[in-house]
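The sequence shown lines up with residues 411 to 649 when you count with our numbering.
Presented below is the structure to which this report refers.
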Amino acid sequence: MKKEYLLILGIIVGIGIGLAAGYFYGSSTSQAQICELATTQPTPSSSQSDQSINQSLISHSVEYINKYLLQPGIKATLVNVSVYGENLYKLSLEFKRNDQVVGGSDVYLTKDGKMLILQSVDISKKPEVSRTEVSQDDDPSLGSESAKVTIIEFSDFSCPFCSKFETQILPQILEKYGDKIKFVFRDFPVHGNISILAAKAANCAGDQGKYWEYHRILFERQREWVQSNLTAVELKLHS
411 MKKEYLLILG IIVGIGIGLA AGYFYGSSTS QAQICELATT QPTPSSSQSD QSINQSLISH
471 SVEYINKYLL QPGIKATLVN VSVYGENLYK LSLEFKRNDQ VVGGSDVYLT KDGKMLILQS
531 VDISKKPEVS RTEVSQDDDP SLGSESAKVT IIEFSDFSCP FCSKFETQIL PQILEKYGDK
591 IKFVFRDFPV HGNISILAAK AANCAGDQGK YWEYHRILFE RQREWVQSNL TAVELKLHS
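In structure tokens, the structure reads:
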């Protein structure tokens, strides 16, 4: 029987539309996709026309995003703003970590400044799912080499959604289907230099026969090393 390959883009588990490529906290609609801004936002000026842009509201929304919605170390800057339809502003944001651009996203703000929409879905189009041919190369793997189903995860050690998948979901998959699947982990570091260094460290551990032990520690203690910027020795991840 032909083997099946399941491709997982682990930058955000269940990435779907993406929530700004994983730079925002949370994944549920109630928590992240639509945010009610604090009641301290500036009041829109009554003298402005429908097509004008209230810069004070825009500035407040960007400040709100940086203060409450982003992962540690990520900062959003406004690239462009335009009127979108009758009731929304469209804000094009750029995300940086240590002055290095790591991504971007469009978000939407209601003109009264009360609601911030982090995700949009074009419901006029039918979602399409396409198959992609992916080689396994020599990436680290778990499970049966003769499995009929291979899961290839593209992941980032500093991504909180990847960590959630690795620590909460993957163990359940392996427990239930461990003898029926082959799981392949592929580095996909998109959060800047810190992600690249973590991937290199894990592969160095692999050269010493300790890849999966180090892999597990990086995800389990992710917040420690991402926020502190300490070395593996300082965090005692090397032992």
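Glycine residues also receive a C-beta, built at the ideal position from the N, C-alpha and C atoms.
The straight-line gap separating the alpha-carbon atoms of D566 and Q481 is approximately 14 Å. DSSP links Q510 through a beta bridge to R507. In this structure the region 557 to 577 touches the region 624 to 637; the number of beta carbon pairs closer than 8 Å is three or more. Taking C-beta separations shorter than 7 Å and ignoring five residues to either side along the sequence, the partners of Y494 in its chain run K500, Y518, following chain order. In the structure shown, S469 adopts helical secondary structure according to DSSP, grouped into three states. For the region 571 to 642, the continuous alpha helix (DSSP H) assignments of 4+ residues that do not extend past its boundaries occur at 580 to 587, 603 to 617, 621 to 630, 632 to 638, in sequence order.
L501 is bridged by DSSP to V491, V517.
A distance of 8 Å or more separates the beta carbons of V559 and I579. K485 has K506 as its beta-bridge partners, per DSSP.
Assignment of L480 by DSSP, reduced to helix, strand and coil, places it in the strand class.
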